[in-house]
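Written below as structure tokens is the structure these notes are about.
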Amino acid sequence: MKTIIEPFRIKVVEPIRLTTREEREEIIRRAGFNPFKIHSDDVLIDLLTDSGTGAMSALQWAGVMRADESYAGSASFYRLQEVLRELTGFEHILPTHQGRASERILFELIGGPDKVVPNNAHFDTTRANAEHSGARAVDLPVSEALDPRNRHPFKGNLDLKRLESLLGEVGVARVPLVMCTVTSNASGGQPVSLENLRGIREICDRFGVPFFLDACRFAENAWFIKQREPGQSDRSPREIAREMFDLADGATISAKKDGLVNIGGLLLMRDEDLFRRASDLLILTEGYVTYGGLAGRDLEAMAQGFQEVLDEQYLRYRVRSAEYVGEKLLQAGVQIVEPPGGHAIYLDAGAFCQHLPREEFPGQALVVALYRHAGIRACEIGSVMFGGKDRPPPALELVRLAMPRRVYTQSHMDYVVEAIGELHQRRAEIRGLRLVEAPDTLRHFSARFEEN
Ligand code: F0G
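Per our numbering, the sequence shown starts with residue 1, numbered consecutively.
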């Protein structure tokens with residue numbers, strides 16, 4: 001059979017409230033042309049993020065009921081610890097309320113003024129937390145990542161030559177660790193190969209620098225490795241994921257992605273001393289080490305989610321559904337970041353809105369147009385998210401259509417494809433924006449715009 005079906009049945013449904021174009025016109029205007037400020041009831045298909053928006057399984061909900069809510073030593077924590085030790089091989093497992101809490105603790109311990117943190121491509125909160133500590137966050141993507149049409153199988157790879165030169169230039173004393181984000185969210189949801197991770201490990205060993213993964217989407221990355229990397233097709237996603245973790249000294253994880261939960265994060269490491277210091281900070285602001293700001297039921301749902309996510313049927317369906325949307329859009333003449341990513345399709349907003357200069361935020365303008373036209377909520381990944389005071393504009397102006405896990409069906413996606421195709425026909429009508437209000441960091445969450 002060629003058709004890949006959603007490998008689940010639906011037991012609980014949520015109605016979607018339909019809106020008219022006139023209603024949406026008023027809603028987006030009131031939201032300052034920023035989709036983060038729209039009430040979710042006013043959204044038809046919500047592709048703002050794949051973070052915390054997935055549907056939990058029957059077994060996860062069963063876990064919610066059996067969870068142990070003890071303050072210290074919760075049985076649910078020990079179940080989670082066992083699952084993660086087996087999955088990742090990391091000895092020390094700290095739960096946090098979400099990925100950025102892990103990042104804040106890590107960078108408070110190892111960051112600071114004068115420090116330089118290399119990554120294939122920092123995502124927004126990782127960059128913001130590194131910079132908040134005073135450090136400089138440096139992106140080292142391979143050059144293929146900068147060309148949306150380039151179909152290189154591992155466009156998430158970190159440029160090893162540039163990493164070596166950076167370490168040589170600034171000196172190891174100033175580089176507290178090297179990070180690599182799997183899959184690379186800032187450059188199209190593109191995977192990183194095992195070969196590249198081994199290369200990073202080798203350089204880190206040679207220079208004596210620790211290596212951490214930002215492993216939010218580790219299972220999707222493992223699936224891409226299985227599909228695309230020579231010699232990997234016979235291995236299970238679990239084996240491949242384990243090798244990815246074995247190559248690193250630690251990881252920050254937002255469990256809201258491949259943990260298949262609505263809230264939760266992890267900070268994982270081998271180093272005993274770092275673990276002790278991280279535990280102290282965790283207790284200071286998040287909670288005791290066996291719950292880290294979560295309820296026991298969240299830990300239980302995570303323990304189950306991290307196992308389900310490596311199911312081959314699930315991963316095949318997951319990656320295929322994004323690919324399906326990507327292929328249809330390309331057929332309709334819409335340029336996306338090729339090849340399609342794991343958790344999202346990224347529209348090349350620069351190409352879509354060729355009539356708009358970067359100062360008029362073509363990505364944000366496209367996000368606004370998509371909402372107006374079809375009630376679809378997407379997210380700008382371009383000058384709004386990564387630009388700003390004292391920052392160079394990012395290489396690309398993109399709009400991300402992030403797919404919540406196990407939430408939407410193929411007909412929802414057909415609607416999305418049709419809407420974007422129609423909008424593409426009328427793209428010359430899309431109006432540019434000007435920024436009227438924004439904070440210095442993470443400005444995309446709260447910026448307000450006016451339409452030109
Ligand atoms: N790292 C990456 C690569 C991410 O994509 C995110 C979150 C985080 C870290 C932070 O995790 O949200 O749990 O604090 N990305 C979400 C997104 C918000 O929409 O891509 P968090």
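Glycine included, each C-beta is placed from N, C-alpha and C at the ideal position.
Nothing here was measured: the structure is a model prediction, and the numbers come from that model.
*asked:* To the nearest angstrom, how far is the alpha carbon of I376 from that of E26?
replied: Spanning the alpha carbons of I376 and E26 requires a straight line of approximately 15 Å.
*Can you give the Cα-Cα distance for D205 and V13, rounded to whole angstroms?*
Note on geometry: alpha-carbon atoms of D205 and V13 lie some 50 Å from one another.
_Within a Cβ cutoff of 6 Å, which residues of the same chain sit near S187, ignoring the five residues on either side of it in sequence?_
Within the same chain, A121, P141, A145 come within 6 Å of S187 by CB-CB distance, once the 5 residues on both sides are set aside.
_the segment 280 to 290 contacting the segment 329 to 345, beta-carbon criterion three pairs below 8 Å_ = As far as the Cβ criterion goes, the segment 280 to 290 does not touch the segment 329 to 345, which means the pair count is below three.
*Which residues mark the beginning and the end of the beta strand (DSSP E) in which T252 is found?*
Where T252 is concerned, the enclosing beta strand (DSSP E) stretches over 250 to 254.
*Hey, is L370 close to ligand 1, as in C-beta under 8 Å from one of its heavy atoms?*
Outside the cutoff, so no.
*With G292 and E69 assumed to form a contact (beta carbons below 8 Å), what rounded beta-carbon distance in angstroms separates them?*
Wrong, their Cβ atoms sit about 14 Å apart, outside the cutoff.
*Determine, using beta carbons only, whether P118 and L158 come nearer to each other than 9 Å.*
Closer than 9 Å, so yes.
*Assign R406 to one of three DSSP states: helix, strand, or coil.*
Coil at R406, not helix or strand.
*Say yes only if the C-beta of Q98 is nearer than 8 Å to one or more non-hydrogen atoms of ligand 1, and no if none qualify.*
Flag set: Cβ of Q98 near ligand 1.
*Would Y408 be called buried (16 or more neighbouring beta carbons within 10 Å of its own) or exposed?*
Buried, because 16 or more other Cβ atoms sit within 10 Å of the Cβ of Y408.
*Can you tell me whether R318 is buried or exposed, with buried defined as 16 or more other CB within 10 angstroms of its CB?*
Burial check for R318: the Cβ neighbour count within 10 Å reaches 16 or more, so the residue is buried.
*How many whole angstroms separate the CB atoms of A378 and L48, which I take to be in contact at a CB cut-off of 8 Å?*
Contact holds; Cβ gap of about 7 Å.
*Element boundaries [beta strand (DSSP E), containing H92]*: It spans 92 to 96 - the beta strand (DSSP E) in which H92 sits, taken as one unbroken run.
*asked:* Taking the alpha-carbon of A248 as reference, which of Q81, G89, G326, F224 has the nearest alpha-carbon?
replied: Considering only alpha carbons, the answer is G89.
*Measuring from the CB of D298, is there a heavy atom of ligand 1 at a distance below 8 Å?*
Every heavy atom of ligand 1 is 8 Å or more from the Cβ of D298, so no.
*Grab me the residues of L299's own chain with a C-beta within less than 8 Å of its C-beta, minus the 5 sequence neighbours each way, in chain order.*
So the list reads A67, S74, S76, F77, R79, L80, P95, G264, Y291, once near-sequence residues are dropped.
*With a threshold of 8 Å, establish whether the CB of S483 neighbours any heavy atom of ligand 1.*
Residue 483 falls outside the range modelled here, since the chain spans only 1 to 452, and no answer is possible.
*Taking 8 Å as the cut-off, does the CB of K115 come closer than this to any heavy atom belonging to ligand 1?*
For ligand 1, not one heavy atom lies less than 8 Å from the Cβ of K115.
_Beta-carbon within less than 6 Å of L160's beta-carbon, same chain only, minus the 5 sequence neighbours each way: which residues are those?_
For L160, where only same-chain residues beyond five positions count, the Cβ hits under 6 Å are G199.
*Same chain, Cβ closer than 7 Å to E164, neighbours up to 5 away in sequence not counted*: The answer, listed in chain order, is I203.
*Roughly how many angstroms separate the alpha carbons of K155 and Q227, rounded to a whole number?*
A direct Cα-Cα distance of roughly 14 Å separates K155 from Q227.
_Only counting the same chain, and skipping five residues up and downstream in sequence, which positions put a Cβ closer than 6 Å to that of D348?_
In its chain, beyond the 5 residues on either side, P148, Q335 have a beta carbon closer than 6 Å to the beta carbon of D348.
_6 Å Cβ shell around H424 - same chain, five flanking residues per side excluded_ = These residues qualify, in order along the chain: V334.
*Is it true that the segment 28 to 41 meets the segment 244 to 261, where meeting means three or more beta-carbon pairs spaced less than 8 Å apart?*
Verdict: no, contact absent.
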